[in-house]
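Read in order, the letters of the sequence shown correspond to residues 1 to 329 in the UniProt record's numbering.
To start, the structure itself, in structure tokens.
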Amino acid sequence: MSSLHDFALDESAYVELLRKLISVSEHVQNAPGLGLIPQENLVSDFVLEELKPFTGAELSVERVEFVAGRGNVIIKYAPPSAAADKTLALLYGRGTTDCLGHVALLTLLFKELAKHKVQTKTQVVCVLIASEENSEIEGAMDAMTKIQEYFYKEFGPVDKEKEYNYSCPSTMKPTRIESSVNGLNQIPPWAKIAGDVRLSPFYEMKEMIAKMTAFVDGLNANITSLEGHRGPVSNYYEGIACSLDSAGYKALNSAIEDVLGEAKPFSISGSLPLVRDMQRGGFDLTLVGFGKSSVYHGDNEYCQLSDMKDALKILALTIANVDAALKQI
């Protein structure tokens, strides 16, 4: 029986599983407005196949569908008792460094847990969420200048962000524009600008929406101050500050230090809509990823095999560290 400290990524199995996932990546692009409706079951079919030998005994694996073809996958591992090789192999493909690369990673982690029947004090659960996010192209529209100026005046950087090492403060980005369909020689009678706000956790979302709505109402009442008529058609994302004193954070930080030699936590204004709700629901929440942010959603997206080998060790040690912390309670 192996321990979590002995876990190592099966390189051949990871590359083969990732190859299968990438083969269907064109069918999981999420842009309904462009007619691209993702079919996540094409991905989870491979996950279920990989874990099938261990399903029912060591693993509980369930696909839950609310929309046909777009199921979420819940994987649970609970036992009855309730220095890496640095290869430079680059694995190219859409989703390798982001979603699909981590689907493959977590699938093999649970496969290792089941294969070696590791004894853990707590249940280990993975949820692979369908439609985690939509992709949007960032841009800046001159018509939004006044609105953005006001936003950054009212919701600029705060000293508290320095403590969490935020790379940037709250942001407002116009990312999409729509208008009526008419001749090229005609000024469109209407236009709609949409975008998102990513708010630092040290501001209140309700206050921001109220202030920005009032400001836009004022612009609408004095329309001559603008070149065009624009309205607040936007998406808003709440910020989240992870607890730096939590058992989960300490377990992950220690695991990263053990595998990589040092840990460098940082903060960004992300766009995962579930995380703040989960934190409010009582989850000890810490966010981590093992891909390359420099090629995230890029034309040449790739992940590094050595990073994923380290990632499996880090996740295994994190589980071990959480177990150790629970035993002290």
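Idealized CB from N, CA, C, for every residue including glycine.
Bounding residues of the alpha helix (DSSP H) (the contiguous stretch that carries residue i)
i	result
cysteine 99	99-116
isoleucine 314	305-327
valine 250	The identity of residue 250 in the sequence shown is lysine, whereas the question assumes valine. Here the alpha helix (DSSP H) through lysine 250 covers 247-260.
leucine 59	Unbroken run through leucine 59 is the beta strand (DSSP E), 59-64; no alpha helix (DSSP H).
isoleucine 240	No alpha helix (DSSP H) holds isoleucine 240; DSSP gives it neither H nor E.
valine 275	275-280
alanine 219	Per the sequence shown, the amino acid found at residue 219 is leucine instead of alanine. Element bounds for leucine 219: 205-221.
Cβ neighbour criterion (16 or more within 10 Å) applied to residue i
i	result
phenylalanine 7	buried
alanine 114	buried
threonine 87	Note on threonine 87: pLDDT 44, under 50, position unreliable in the model; the coordinate value appears next. With fewer than 16 other Cβ atoms within 10 Å, it is exposed.
glutamate 163	exposed
aspartate 85	Since pLDDT at aspartate 85 reaches only 36, below the 50 mark, its modelled position is unreliable, and the value read off the structure follows with that caveat. So aspartate 85 ends up on the exposed side.
isoleucine 137	Residue placement at isoleucine 137 is flagged as unreliable, the pLDDT there being 27, under the threshold of 50; a coordinate-derived value is accordingly withheld.
alanine 89	exposed
alanine 214	exposed
aspartate 217	exposed
valine 233	Here valine 233 scores only 47 on pLDDT, less than 50, and its place in the model should not be relied on; the value that follows carries that caveat. Its Cβ having fewer than 16 others within 10 Å, valine 233 is exposed.
glycine 56	exposed
proline 38	buried
alanine 251	buried
arginine 198	buried
aspartate 245	exposed
valine 181	exposed
leucine 272	exposed
glutamate 16	exposed
isoleucine 129	exposed
alanine 221	exposed
leucine 326	exposed
serine 44	buried
Cβ pair residue i, residue j closer than 8 Å
i	j	result
tyrosine 296	tyrosine 92	no
arginine 175	alanine 191	The identity of residue 175 in the sequence shown is threonine, whereas the question assumes arginine. Taking 8 Å as the Cβ cut-off, threonine 175 and alanine 191 do not qualify as a contacting pair.
glycine 298	serine 269	no
aspartate 196	lysine 173	yes
leucine 124	asparagine 72	According to the sequence displayed, residue 124 carries valine and not leucine. No, these two residues do not count as a Cβ contact at 8 Å.
methionine 278	leucine 285	yes
alanine 320	histidine 5	yes
histidine 27	leucine 42	yes
lysine 146	leucine 51	no
alanine 247	threonine 318	no
glutamine 29	leucine 18	no
phenylalanine 202	lysine 153	no
glutamate 58	leucine 305	no
methionine 208	phenylalanine 283	no
lysine 258	threonine 122	Before going on, a small fix: residue 258 reads as aspartate here, not lysine. Against a cut-off of 8 Å, the Cβ pair of threonine 122 and aspartate 258 comes out as no contact.
leucine 260	leucine 108	no
phenylalanine 290	leucine 100	no
serine 167	serine 200	no
serine 3	valine 118	yes
tyrosine 14	methionine 308	yes
Check: residue i C-beta below 7 Å from any heavy atom of the ligand FMN
i	result
valine 275	In the structure on display, the ligand FMN does not appear, and there are no ligands present to speak of.
N- and C-terminal bounds of the beta strand (DSSP E) containing residue i
i	result
isoleucine 74	72-77
leucine 90	90-92
valine 124	124-128
Check your understanding: Taking only runs of the beta strand (DSSP E) that begin and end inside the segment 144-199, which ones reach a length of at least 3 residues, in chain order?
Key -> 171-179, 191-198
**Study point:** Complete alpha helix (DSSP H) runs within the segment 20-55 (minimum length 4 residues, chain order)
**Key:** 41-51
Check your understanding: Do three or more CB pairs link the segment 50-65 to the segment 260-269 at distances below 8 Å?
Key -> no
Review point. Can at least three beta-carbon pairs, one atom from the segment 91-106 and one from the segment 13-22, be found at a separation below 8 Å?
Key: Counting Cβ pairs under 8 Å, three or more are found: they touch.
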